[in-house]
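The working numbering applies: residue 2 is where the sequence shown begins, and numbers increase by one. The beta carbon of each residue, even a glycine, is placed where N, CA and C say it ideally should be. The structure presented is a predicted model; accordingly, all values stated were derived computationally and were not measured. Right, one structure below, let's go through it.
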Amino acid sequence: MIVRSKTICADKPNLNGHIYSKEVLKIAIEKSKEKVKPGFYSQGELNRNYSLGNTTGPLLENISHEVESISLNEKTGFVEGKIKILETPSGKKLQTLIDSGCKIFGDLTAVGILKDNIVTECEFRTFDIVADFNHDSN
2 MIVRSKTICA
12 DKPNLNGHIY
22 SKEVLKIAIE
32 KSKEKVKPGF
42 YSQGELNRNY
52 SLGNTTGPLL
62 ENISHEVESI
72 SLNEKTGFVE
82 GKIKILETPS
92 GKKLQTLIDS
102 GCKIFGDLTA
112 VGILKDNIVT
122 ECEFRTFDIV
132 ADFNHDSN
């Protein structure tokens with residue numbers, strides 16, 4: 002099954018108060034295109050492994066999906082991801098949640114440079130699936 006989800010929104014503070022400009026997001030998306038391929042930072046977890054400090058890749062035991070693409074929706078300002086749910090234990094849990102009508106959201110892990118809550122450079126590390134959304138969904 003293929004699922005689409007929006008994640009970071011350009012030019013608006015997220016729940017951490019960090020603001021990513023469209024320009025910074027476009028650069029990060031271009032960098033990520035090199036990595037969005039099987040076996041190279043393209044898998045994501047069902048939920049986020051916060052114990053790892055949000056900077057490493059997903060734990061193999063938690064992988065639920067593979068990222069097929071990441072793009073910026075120019076109209077809404079949201080970074081959107083397209084994922085393929087995998088036949089793993091976590092992938093099956095994710096599929097069950099979707100089939101049951103649960104809302105899910107994409108959540109990008111990014112590392113970069115932050116100055117006065119403005120992100121000036123970033124690189125995406127993982128695109129995970131979570132139950133809570135990090136931005137106002139409007």
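Counted within 10 angstroms of its Cβ, other Cβ atoms place residue i as buried (16 or more) or exposed
{"i": "T121", "result": "exposed"}
{"i": "L109", "result": "buried"}
{"i": "A132", "result": "exposed"}
{"i": "P90", "result": "exposed"}
Reduced DSSP category for residue i - H, G, I as helix; E, B as strand; rest coil
{"i": "K84", "result": "Note that residue 84 is Ile in the sequence shown here, rather than Lys. Strand."}
{"i": "A11", "result": "strand"}
{"i": "S70", "result": "strand"}
Contact under 8 Å by Cβ, residue i with residue j
{"i": "I84", "j": "F128", "result": "yes"}
{"i": "L87", "j": "I64", "result": "yes"}
{"i": "F106", "j": "C10", "result": "no"}
{"i": "I130", "j": "L95", "result": "yes"}
{"i": "I3", "j": "K13", "result": "no"}
Cutoff 8 Å: residue i Cβ touching any chain D Cβ
{"i": "L87", "result": "Reference to chain D is not applicable here, since this structure consists of a single protein chain."}
Residue from the options with nearest C-alpha to residue i
{"i": "S22", "options": "D133, K116 and A132", "result": "K116"}
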